[in-house]
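Engineer: Here the sequence shown is numbered in my numbering, starting from 7 and rising by one per residue.
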Amino acid sequence: MKSGSKKVLLALGVFCVFPACGNNSERLPVQRERQGILSKSKVESVLELKNATWKEECDGSRDSIKLEIAQVLDAKQAELDAYRKLLPESPGYSRIRLGRAPHEFILREPSEVKKDLSHEWKESEESWEELYEHFLEIKNEPISARWDYLEVYFNSIAGSDRDRTVEGEDYSLGKDSGPKIEKLFQELKKTKSFLDCVDRNFSPESLSFINSIDLYKGFWKRINDPNRTPEERQNSYTYFLKWISYGRDGYTFTPNLSIKKISKDEIELPIFSNASSDILEKIEKYSAEIWTFPDLKLKIRWVNDLTGSPENSIFSLFIDRIFGRRSYVSTNKREMHLFQDVRATTIPHEIGHVLGFPDRYYEIWNAQKCSYTTQYLEIDVMSSSPTGHATLQERLELKEAYLK
Ligand SMILES: [Zn+2]
């Protein structure tokens, strides 16, 4: 299998069908935010992945299993949603219904308290192979929690694939990359053009960091390639600076300018929403459980009319009618999206983004294994929302940003 695919690449010579194995210099992420937005049907999503610009060789080799799962899930979608609307038990969670049709909101509340959380970094793996194995096990079974899991898994991995191969996002930075990218960023700030991008201007740590990331290594090589024109090299330099700056954003707290200090230990977060009061109360309750400390209280102020409002940086909450998608926050658009059947513990994680925190779990794409490895910390809500709480560092960052 492996030697066969190598032959194909050799036959194509310099013309490489998979951009990741060839020229990366024009690659910049389209939206710079991981949102995992999928098409209406699973088959459409898979077709989009099939034609993706930044698709790699191994992505292509999984096309048929993706399509097979997508077709079955599409055919069962209505049945699966009807099953969830009956509020069956979900392992570790119980479902509740809030609001009223057609604006109802089905939420999964934890039915057990997670104890003995580990303080060590852990890893989990996602791959189409694993998903397909699960699919083969259940494909002749009636709708159950296992089908529910299949769809959530599908949406998760297809969402990551989309962000990586369609949007052009980089999936190579991990839990230890933060200080390294900061150091490289500071060193790059001192450079003025591609001519300054020579090894002697950078620390050995930064050079070895560049060499550890294929994307950066490619840029470095092209910046320093004497066979390219100064314009081409300058262009690569500009793109490289952008990539480093985007990468750094993933480790940086970004204060939300709409948040106000309302007393010595209280902050107020305005959010626009038209959802019913029982939904908003739950969102407030779950947010406060995580983001309230003896010396800092979070109060959400719900705004239901934005017209004439001077608050242009205020976030809006959207509750989507689709089931099983990954919730997300778009800082660029100032939107928070929750989907049907969301775990209640996801709410304070998304509110954490609205407060200014980046994700603290790190999804790393491994092209050799054709899988994603996620590094996470059970105790941190921004790293592992089902189990985590606010860390001391997060509490200090909030105080520093909003209570000074
Ligand atoms: Zn997140």
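All C-beta atoms in this analysis are idealised placements derived from N, C-alpha and C, irrespective of residue type, glycine included.
Here the structure is a predicted model, which is why all the values come from computation and not from measurement.
Is there at least one non-hydrogen atom of ligand 1 closer than 7 Å to the beta-carbon of Asp386?
Structural biologist: Looking up residue 386 in the sequence shown gives position 380. No, since every heavy atom of ligand 1 falls outside the 7 Å radius drawn around the Cβ of Asp386.
Engineer: Cβ atoms of Ser45 and Asp80: under 8 Å apart, would you say?
Structural biologist: The sequence position of residue 80 within the sequence shown is 74, counting from 1. The sequence position of residue 45 within the sequence shown is 39, counting from 1. In this structure, Ser45 does not lie closer than 8 Å to Asp80 by Cβ.
Engineer: So, using beta-carbon positions, are Thr379 and Glu129 closer together than 8 Å?
Structural biologist: Walking along the sequence shown from the start, residue 379 turns up at place 373. Walking along the sequence shown from the start, residue 129 turns up at place 123. It is a contact, given that the beta carbons lie within the stated cut-off.
Engineer: Taking the alpha-carbon of Asn310 as reference, which of Pro300, Leu323 and Thr298 has the nearest alpha-carbon?
Structural biologist: Counting from one through the sequence shown, the residue named residue 310 turns up at place 304. Measuring from the Cα of Asn310, the nearest candidate turns out to be Leu323.
Engineer: What does the Cβ neighbour count give for Pro300, buried or exposed, with the cut at 16 atoms within 10 Å?
Structural biologist: By 1-based counting over the sequence shown, the position of residue 300 is 294. It counts as exposed.
Engineer: Below 7 Å, is the gap between the Cβ of Asp365 and the nearest heavy atom of ligand 1?
Structural biologist: Along the sequence shown, read from residue 1 onward, the residue named residue 365 stands at position 359. Result yes, Cβ under 7 Å from ligand 1.
Engineer: Smallest Cα separation from Leu247: which of Glu237, Pro364 and Ser199?
Structural biologist: Locating residue 247 in the sequence shown gives position 241, where the first residue counts as 1. Per the Cα distances, Ser199.
Engineer: Can you list, in chain order, the residues of its chain with a C-beta nearer than 6 Å to that of Leu73? Leave out the 5 residues immediately preceding and following it.
Structural biologist: Numbered from its first residue, the sequence shown carries residue 73 at position 67. Val52.
Engineer: Would Tyr257 pass as a contact of Phe225 if the rule is Cβ separation under 8 Å?
Structural biologist: Within the sequence shown, numbered from 1, the residue matching residue 257 stands at position 251. Within the sequence shown, numbered from 1, the residue matching residue 225 stands at position 219. For Tyr257 and Phe225, no; Cβs fall outside 8 Å.
Engineer: Which same chain residues, not among the five before or five after Lys181, have their C-beta less than 7 Å away from its C-beta?
Structural biologist: In the sequence shown, the residue the question calls residue 181 occupies position 175. Answer for Lys181: Trp127, Tyr368 and Gln381, listed in chain order.
Engineer: Is the beta carbon of Leu304 sitting closer than 8 Å to the one on Ala294?
Structural biologist: Here residue 304 refers to the residue found at position 298 when the sequence shown is read from its first residue. Here residue 294 refers to the residue found at position 288 when the sequence shown is read from its first residue. Yes, they are a contact pair.
Engineer: Are there any heavy atoms of ligand 1 lying less than 7 Å away from the beta-carbon of His359, as far as the coordinates show?
Structural biologist: Indexing the sequence shown from 1 puts residue 359 at position 353. For ligand 1, at least one heavy atom lies less than 7 Å from the Cβ of His359.
Engineer: Do three or more CB pairs link the region 89-107 to the region 274-288 at distances below 8 Å?
Structural biologist: Contact holds: three or more Cβ-Cβ distances are below 8 Å.
Engineer: Between the region 172-188 and the region 105-119, are three or more C-beta pairs nearer than 8 Å?
Structural biologist: Verdict: no, contact absent.
Engineer: Can you check DSSP and say which residues form a bridge with Ile277?
Structural biologist: As a working note, residue 277 is residue 271 in the sequence shown. Answer is Trp308 and Phe321, bridged to Ile277.
Engineer: Let's test the definition: count the other Cβ atoms within 10 Å of the Cβ of Asn262 and tell me whether it reaches 16, buried, or not, exposed.
Structural biologist: For the purposes of this step, residue 262 is taken as the residue at position 256 of the sequence shown. It is buried - the Cβ of Asn262 has at least 16 other Cβ atoms within 10 Å.
Engineer: Are three or more beta carbon pairs between the region 201-219 and the region 265-277 nearer than 8 Å?
Structural biologist: Touching, no.
Engineer: Around the C-beta of Arg349, are 16 or more other C-beta atoms found within 10 angstroms, so that it is buried, or is it exposed?
Structural biologist: Translated into the one-based positions of the sequence shown, residue 349 becomes position 343. The residue in question, Arg349, is buried, as its Cβ has 16 or more Cβ neighbours within 10 Å.
Engineer: Taking Cβ positions, are Phe363 and Glu400 nearer each other than 8 Å?
Structural biologist: Within the sequence shown, the letter at position 357 stands for residue 363. Within the sequence shown, the letter at position 394 stands for residue 400. Yes.
Engineer: Assign Asp326 to buried or exposed, taking buried as 16 or more other Cβ atoms, counted over all protein chains shown, within 10 Å of its Cβ.
Structural biologist: Taking the first residue of the sequence shown as position 1, residue 326 is located at position 320. When all chains shown are included, Asp326 counts as exposed.
Engineer: For the region 168-204, which segments carrying the beta strand (DSSP E) assignment without a break, of at least 3 residues, lie completely within its bounds, in sequence order?
Structural biologist: Runs of the beta strand (DSSP E) inside the region 168-204: none found.
Engineer: Going straight from the alpha carbon of Arg228 to that of Ile250, what length do you get?
Structural biologist: Translated into positions along the sequence shown, residue 228 becomes position 222. Translated into positions along the sequence shown, residue 250 becomes position 244. Arg228 and Ile250: Cα-Cα distance of roughly 16 Å.
Engineer: Specify the secondary structure class of Ser390 as computed by DSSP and reduced to three states.
Structural biologist: The sequence position of residue 390 within the sequence shown is 384, counting from 1. Reduced to three states, the DSSP call for Ser390 is coil.
Engineer: By the three-class DSSP mapping on this structure, what secondary structure does Val49 have?
Structural biologist: The sequence position of residue 49 within the sequence shown is 43, counting from 1. The answer is helix: DSSP assigns Val49 an H, G or I state.
Engineer: Would the beta-carbon of His125 be found less than 7 Å away from any heavy atom of ligand 1?
Structural biologist: Counting from 1 along the sequence shown, the entry for residue 125 is found at position 119. Incorrect: His125 has no Cβ contact closer than 7 Å to ligand 1.
Engineer: Is it the case that the CB of His355 approaches a heavy atom of ligand 1 more closely than 7 Å?
Structural biologist: The residue labelled residue 355 in the question sits at position 349 within the sequence shown. Yes, Cβ of His355 sits closer than 7 Å to a heavy atom of ligand 1.
Engineer: Spell out the partners DSSP gives Pro236 in its beta bridges.
Structural biologist: Position 230 of the sequence shown, counted from the first residue, corresponds to residue 236. DSSP output for Pro236 lists no bridge partner at all.
Engineer: Is any heavy atom in ligand 2 found nearer than 7 Å to the beta carbon of Trp371?
Structural biologist: This structure lacks ligand 2; the ligands present are ligand 1.
Engineer: Please state the DSSP three-state secondary structure of Phe259.
Structural biologist: Counting from one through the sequence shown, the residue named residue 259 turns up at place 253. Residue state, collapsed to three classes: coil.
Engineer: Evaluate Gln374 with the Cβ neighbour count: other Cβ atoms within 10 Å of its Cβ, from every protein chain shown; 16 or more gives buried, anything less gives exposed.
Structural biologist: The residue labelled residue 374 in the question sits at position 368 within the sequence shown. Looking at its Cβ environment, which holds fewer than 16 other Cβ atoms inside 10 Å, Gln374 is exposed.
Engineer: Quick check on Leu156: buried or exposed, where buried means 16 or more other Cβ atoms within 10 Å of its Cβ?
Structural biologist: Residue mapping note: residue 156 aligns to position 150 of the sequence shown, counting from 1. The residue is buried, with at least 16 neighbouring Cβ atoms inside 10 Å.
Engineer: How big is the Cα-Cα spacing for Glu352 and Gly66?
Structural biologist: Against the sequence shown, residue 352 aligns to sequence position 346. Against the sequence shown, residue 66 aligns to sequence position 60. A small correction: the amino acid at residue 352 is Thr; Glu does not occupy that position in the sequence shown. So the alpha carbons of these two residues sit roughly 32 Å apart.
Engineer: Based on the DSSP output, what are the partners of Val335 in its beta bridges?
Structural biologist: Locating residue 335 in the sequence shown gives position 329, where the first residue counts as 1. Per DSSP, Met342.
Engineer: In three-state terms, what does DSSP make of Pro300?
Structural biologist: The residue given as residue 300 occupies position 294 in the sequence shown. Looking at Pro300 - three-state DSSP - the assignment turns out to be coil, as it is neither helix nor strand.
Engineer: Between Gln346 and the rest of its own chain, which residues show a CB-CB distance below 6 Å, the 5 nearest in sequence each way excluded?
Structural biologist: Translated into the one-based positions of the sequence shown, residue 346 becomes position 340. Only Ile112 and Phe329 meet the Cβ criterion.
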